[in-house]
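In the order they appear, the protein sequences are chains A and B.
According to the numbering used here, the residues represented by the first sequence are 1 to 522, in order.
According to the numbering used here, the residues represented by the second sequence are 523 to 1044, in order.
Note that beta-carbon positions come from the ideal geometry of N, C-alpha and C, so glycine has one too.
Predicted model, so just to flag it, every value in this text is computed and none were measured.
Here's the structure we're looking at; comments come further down.
2 protein chains.
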Amino acid sequence: MRVPLLRPSLLTERLSFARRSLPLTIRKGISQSRKQYRALSPFVELTSVRHPEIKRGSYSRLTDKDLSVFESILTANRCISDPTDVEPYNVDWMKSYRGSSSLVLLPKTTDEVSQIVKYCNERCLAIVPQGGNTGLVGGSVPVFDEIIISTRLMNEIISIDDVSGILVCQAGCILEQLDRYIEGHHLTMPLDLGAKGSCHIGGNIATNAGGIRYLRYGSLHGSVLGLEVVLANGKILDCLSSLRKDNTGYDLKQLFIGSEGTLGFITKVAIACPQRPSSVNVALVGCQSFADVLTIFKMTKKKLAEILSAFEFMDTETMTSVFVNLGLTCPITDSPFYVLMETSGSNGNHDEEKLNDLIEELMTTGLVQDGTIAADLTQIKYLWSLRERVAESMVKDGTYCYKYDLSLDLSVFYDLVLEVRKRVSHIPHAFVVGYGHVGDSNLHLNVSSPEFDPHILSLIEPFVFDYVASVSGSVSAEHGIGIHKPMYLRHSKSESAVSLMKLMKQTLDPHAILNPYKIFTS
Amino acid sequence: MRVPLLRPSLLTERLSFARRSLPLTIRKGISQSRKQYRALSPFVELTSVRHPEIKRGSYSRLTDKDLSVFESILTANRCISDPTDVEPYNVDWMKSYRGSSSLVLLPKTTDEVSQIVKYCNERCLAIVPQGGNTGLVGGSVPVFDEIIISTRLMNEIISIDDVSGILVCQAGCILEQLDRYIEGHHLTMPLDLGAKGSCHIGGNIATNAGGIRYLRYGSLHGSVLGLEVVLANGKILDCLSSLRKDNTGYDLKQLFIGSEGTLGFITKVAIACPQRPSSVNVALVGCQSFADVLTIFKMTKKKLAEILSAFEFMDTETMTSVFVNLGLTCPITDSPFYVLMETSGSNGNHDEEKLNDLIEELMTTGLVQDGTIAADLTQIKYLWSLRERVAESMVKDGTYCYKYDLSLDLSVFYDLVLEVRKRVSHIPHAFVVGYGHVGDSNLHLNVSSPEFDPHILSLIEPFVFDYVASVSGSVSAEHGIGIHKPMYLRHSKSESAVSLMKLMKQTLDPHAILNPYKIFTS
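Pasting the structure below:
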């Protein structure tokens, strides 16, 4: 049995089918939410008001003299202090956190960052490094009046080596633009994520971003070859090696990967880029249960092995959110669970043969009832949009989203979604979805409601984090700790690890000026 | 044109041809060396005598009371103090370094290591952690009287997860035994190296070992998911996460990967193991110049892409060493350069088609004059032995070997071998070979002579390190710094990096009891 390719006529037919077949209760819930958030203002409560337990550290307050110093380093037009212009930098992309900074600095060079940070350290002025501001735990926005240093103007590509595949660039380069640039060199970026159109590579590294190709290309701890970092005292740490192998002493750059801007300010990056695959296939299949998703995963790993580059799952609620809120349509029969798989390889015929064999086996065994393989780039992009635009669909028109990014053993992976759904089942318009990177045991659990509601929060937290700790999972698989989870750090880290983390922080940033209130509770 | 498979009759014929065709001068040099080292005693000079510039730190001296404390922790039979029994632990595998320790401790558990290290820290007794003692820079043997703590009895496999592929084990497990164990779970270790039969996984991680599959599976910084480490104060740092993704705070374990036992004692390991390939092919081809090796590499990367798992080169002198010293024979026509390439994939037919296409193209273009694809596992092992046994061949019968493990841009990669060969050309029996991991820009440059000769050393060092620094390479790609290269650390690391490395060392090991004299000059 072969899976039919996606043809326009079929697509239209299926889409209308998909629309018709949405469970009525779910459609109603979402429609109600949409009506409500039209009426909501875009107001985002100050983090310091929403979290009164967080107290401002004993940092200096910004003075006119400070501003004139920064203007002397950067010129006035790269020091933003008009409140209206500063505001977008104060609020995170999810509209969950809002700081009250009155100054955004836009350096272009490492030396400028160094001068700024050195001055702030001497003056005991707190700072928050900010990249594309696409983080999901409030790590890149201020909590109080921290000065925002943005990498927006640090976007120079320094070098690319065709043979070794090593890219060197400034921290403010946008991920998607880098990928487009190196495409001409037959290379691809070793990470890819929904926010690629605006996230900065420096922010990706500070967050240790995972994303949809982690399964294939692994962690940034492996891909990042070198970093240049401005330390809290303003000194420039040059670890910008662009060698695939270098065992000369401690691999210091690793400390900054995933440190969320609390140990240093990343200014330059050297990263190993793999060969760009000449053949990419994407398939979407539907199945009946999460147990079937796991069986499909095992079979897929075996059959696709080295060409498997993504294995994502979405539950039917996730897809409903995308369909209703973004107007996307389902190219296959509605199913309780969906799997999106991608292959990337060097020989189109071989890859298609492997993928077709797999899909045939999945349908023959009855694990999959319907599925489609994208026939061209447009269809590939369309199938991916069903997965990549989930985050966007969950906050459409100002809806508030409680987001959880968890690592869990696959044997208990989806149980948590069911548990949370049960806990909020009596709340009107609370909508629970589960999706994520099954290949990396990484679950994204999202709960949306028309606006932030402490009662809903109390039903979810600390329940979710306690559950994760009880099965030795991680309370943050890829998003980081930020301001969202410091109180749950010990759910996933031993006391000995937290002590050593604090020792590292004290050693590298004794005045704690770098991104305060993040990662640690105090 | 198809490459003939290796058949026994052809093999015999080719081997005799290979033997006949060895350049006379090279054969003569090697024969002379072999005669000489038969006459040499196995005596290895004390490192403290050979390097009088290294002064013993102000550590305590071992007393009978100390010994009785260790015996109370471990029982007497796991405290080796008989000089004859201690001696093998004092000398490194390369027979380049010899310490004068009088005590070897053999803990079995983390708790025992913790008690020992805590006591040593309080008493200011220096210690050296030792795994399989297969390191190549003297990192795992004492310089003076440091107490040796061996992981030999810490060899328990704790768990293996079939679905996620995550292995958890004690640090003293032997790499090859782990690979055999997980073979039954359709998994493979993400690293492989010549010393696999005796090296310990803890030592691999402490060294950040690279090896022949680095090209495919990348760095241990990506594969190692968790570590348990005993810190200098005896406290147990639990970072033994076995999750593929965990972004909860700083990734502390990274600090210990490649720290050569100077920051902590690794006791347990969690490592992600990839799917074991069901199809492995190995080909050996000969070519005329190193420029051709590079062209072949570019074509191979493009054609084999995701199934390429190794790309190694050996010059004719390297192969001569293996043939003459180990009695191995060449299955293809003698060539100035040889390339050994390996594919690992999930579909034998696809892999063979890709490899055959490549070899055909290489021969059609005239880049390759002769080559062979191994027909079965025995032949695969044989072809690999030509590469893996180079290190052994260079120290056969006590010959001294000056070993260099360098990262260099491919454009200047082999020039260094030619330069060094020129510099020692007037020294009888000095023999220079170049081989290594072209795919990772990692050159192994070896010079052998019948015995250690300071004059030869002065011709090679600091020349080699200066050359590497002048082209922004690394003076240690994968072997580490150990006792061999502390004075050249700054050839590959910036002053800012060395300062921060020292700060890390002082912070984590204030009494400097862990593996002193290694990495840093003071």
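Would residue i pass as an interface residue toward chain A - the criterion being a Cβ-Cβ separation below 9 Å?
i, result
"Thr921(B)", "no"
"Lys925(B)", "no"
"His872(B)", "yes"
"Ser553(B)", "For Ser553(B), the predicted structure reports a pLDDT of 36, less than 50, and the residue's modelled location is therefore unreliable. A value from the coordinates is still provided. No, because no Cβ of chain A sits closer than 9 Å to the Cβ of Ser553(B)."
"Asn968(B)", "no"
"Lys820(B)", "yes"
"Asn847(B)", "no"
"Leu546(B)", "Interpretation of Leu546(B) is limited by its pLDDT of 29, a score under 50 that renders its predicted location unreliable; the figure taken from the coordinates is listed afterwards. By this cut-off, Leu546(B) is not an interface position."
"Gln558(B)", "Unreliable positioning characterises Gln558(B) in this predicted model, as indicated by a pLDDT of 34, which lies under 50. A coordinate reading is not provided."
"Arg549(B)", "For Arg549(B), the predicted structure reports a pLDDT of 33, less than 50, and the residue's modelled location is therefore unreliable. The matter cannot be settled from this model."
Note down the Cα distance separating residue i from residue j, rounded to an integer number of angstroms.
i, j, result
"Glu45(A)", "Lys403(A)", "17 Å"
"Ser523(A)", "Leu416(A)", "The structure shown does not extend to residue 523(A), since chain A is modelled only from 1 to 522, so the question has no answer here."
"Ile949(B)", "Asn968(B)", "15 Å"
"Thr493(B)", "Leu928(B)", "Because chain B spans 523 through 1044 in this model, residue 493(B) falls outside it and cannot be assessed."
"Ser933(B)", "His186(A)", "20 Å"
"His966(B)", "Arg578(B)", "31 Å"
"Met711(B)", "Ile734(B)", "12 Å"
"Tyr739(B)", "Glu451(A)", "45 Å"
"Lys303(A)", "Lys824(B)", "22 Å"
"Val861(B)", "Leu625(B)", "45 Å"
"Leu607(B)", "Met885(B)", "Checking the sequence, you will find Asp at residue 607(B) rather than Leu. Computed Cα separation, rounded: 55 Å."
"Gly661(B)", "Pro976(B)", "21 Å"
"Phe666(B)", "Ser1016(B)", "29 Å"
"Asp633(B)", "Leu675(B)", "13 Å"
"Arg423(A)", "Ala469(A)", "18 Å"
"Ser279(A)", "Leu877(B)", "18 Å"
Quick test of your reading: residue i and residue j, contact by CB under 8 Å. State the CB separation rounded to the nearest angstrom.
i, j, result
"Leu749(B)", "Ile688(B)", "Actually they are not in contact, since the Cβ atoms of Leu749(B) and Ile688(B) sit about 13 Å apart, beyond 8 Å."
"Gly348(A)", "Val137(A)", "Rounded, the Cβ-Cβ distance is 40 Å, inconsistent with contact."
"Val420(A)", "Val464(A)", "7 Å"
"Gly210(A)", "Ala391(A)", "The pair is not a contact, with the Cβ atoms about 14 Å apart (cut-off 8 Å)."
"Thr855(B)", "Asp898(B)", "Incorrect: roughly 22 Å between the Cβ atoms, too far for contact."
"Ser441(A)", "Leu408(A)", "6 Å"
"Gly132(A)", "Gly222(A)", "Not really, about 23 Å apart at Cβ, beyond 8 Å."
Would you say residue i faces chain B, with C-beta separation under 9 Å as the test?
i, result
"Asn515(A)", "no"
"Gln254(A)", "yes"
"Glu361(A)", "no"
"Leu304(A)", "yes"
"Leu263(A)", "yes"
"Asn204(A)", "no"
"Tyr97(A)", "no"
"Leu340(A)", "no"
"Asp409(A)", "yes"
"Lys301(A)", "yes"
"Asp64(A)", "no"
"Ser396(A)", "It should be pointed out that residue 396(A) corresponds to Lys in this sequence rather than to Ser. It does not; no Cβ of chain B falls within 9 Å."
"Leu208(A)", "It should be pointed out that residue 208(A) corresponds to Asn in this sequence rather than to Leu. True, the Cβ-Cβ gap to chain B drops below 9 Å."
"Val280(A)", "no"
"Ile519(A)", "yes"
At least three beta-carbon pairs within less than 8 Å, the segment 104-118 of chain A to the segment 264-284 of chain A
Contact between the segment 104-118 of chain A and the segment 264-284 of chain A is established, with three or more Cβ pairs separated by less than 8 Å.
Any C-beta of chain B within less than 7 Å: which residues of the segment 168-189 of chain A qualify?
Within the segment 168-189 of chain A, no residue places its CB atom closer than 7 Å to a CB of chain B.
contact_flag[the segment 755-766 of chain B, the segment 795-805 of chain B] where n(CB pairs < 8 Å) is 3 or more
As far as the Cβ criterion goes, the segment 755-766 of chain B does not touch the segment 795-805 of chain B, which means the pair count is below three.
Touching by the beta-carbon criterion (3+ pairs, under 8 Å), the segment 102-110 of chain A and the segment 60-77 of chain A
Three or more pairs of CB atoms, one per stretch, sit closer than 8 Å, so the segment 102-110 of chain A contacts the segment 60-77 of chain A.
If you measure beta-carbon to beta-carbon, which residues of the segment 1006-1028 of chain B are closer than 7 Å to chain A?
Along the segment 1006-1028 of chain B, going in chain order, the ones with a CB nearer than 7 Å to a CB of chain A are Leu1011, Ser1014, Lys1015, Ser1016, Ser1018, Ala1019, Leu1022, Met1023, Leu1025, Met1026.
Given a limit of 9 Å on CB to CB distance, which residues of the segment 754-768 of chain B reach chain A?
Cβ contacts with chain A come from Lys757, Ile758, Leu759, Asp760, Cys761, Leu762, Ser763, Ser764, Leu765, Arg766, Lys767, Asp768.
Determine contact between the segment 181-198 of chain A and the segment 947-961 of chain B, defined as no fewer than three beta-carbon pairs at a distance below 8 Å.
With the cut-off at 8 Å, the segment 181-198 of chain A and the segment 947-961 of chain B do not touch.
For the segment 635-669 of chain B, enumerate the residues whose C-beta is nearer than 8 Å to any C-beta of chain A, in chain order.
Per Cβ criterion, the list is empty.
Below 9 Å between beta carbons is the criterion; list the residues of the segment 987-1004 of chain B that meet it against any residue of chain A, in chain order.
Per Cβ criterion, the list reads Ser994, Gly995, Ser996, Val997, Ser998, Ala999, Glu1000, His1001, Gly1002, Ile1003.
Determine, using beta-carbon pairs with one atom in the segment 374-389 of chain A and one in the segment 308-326 of chain A, whether at least three such pairs fall under 8 Å.
Put simply, the segment 374-389 of chain A touches the segment 308-326 of chain A. At least three CB pairs are less than 8 Å apart.
If you measure beta-carbon to beta-carbon, which residues of the segment 829-844 of chain B are closer than 7 Å to chain A?
Those would be Ile829, in chain order.
Any C-beta of chain A within less than 7 Å: which residues of the segment 942-976 of chain B qualify?
If the cut-off is 7 Å between Cβ atoms, the segment 942-976 of chain B has Asp962, Ser963, Asn964 near chain A.
Name, going along the chain, the residues of the segment 214-230 of chain A whose beta-carbon falls closer than 8 Å to a beta-carbon of chain B.
Here the close residues are Tyr214, Gly218, Ser219, His221, Gly222, Ser223.
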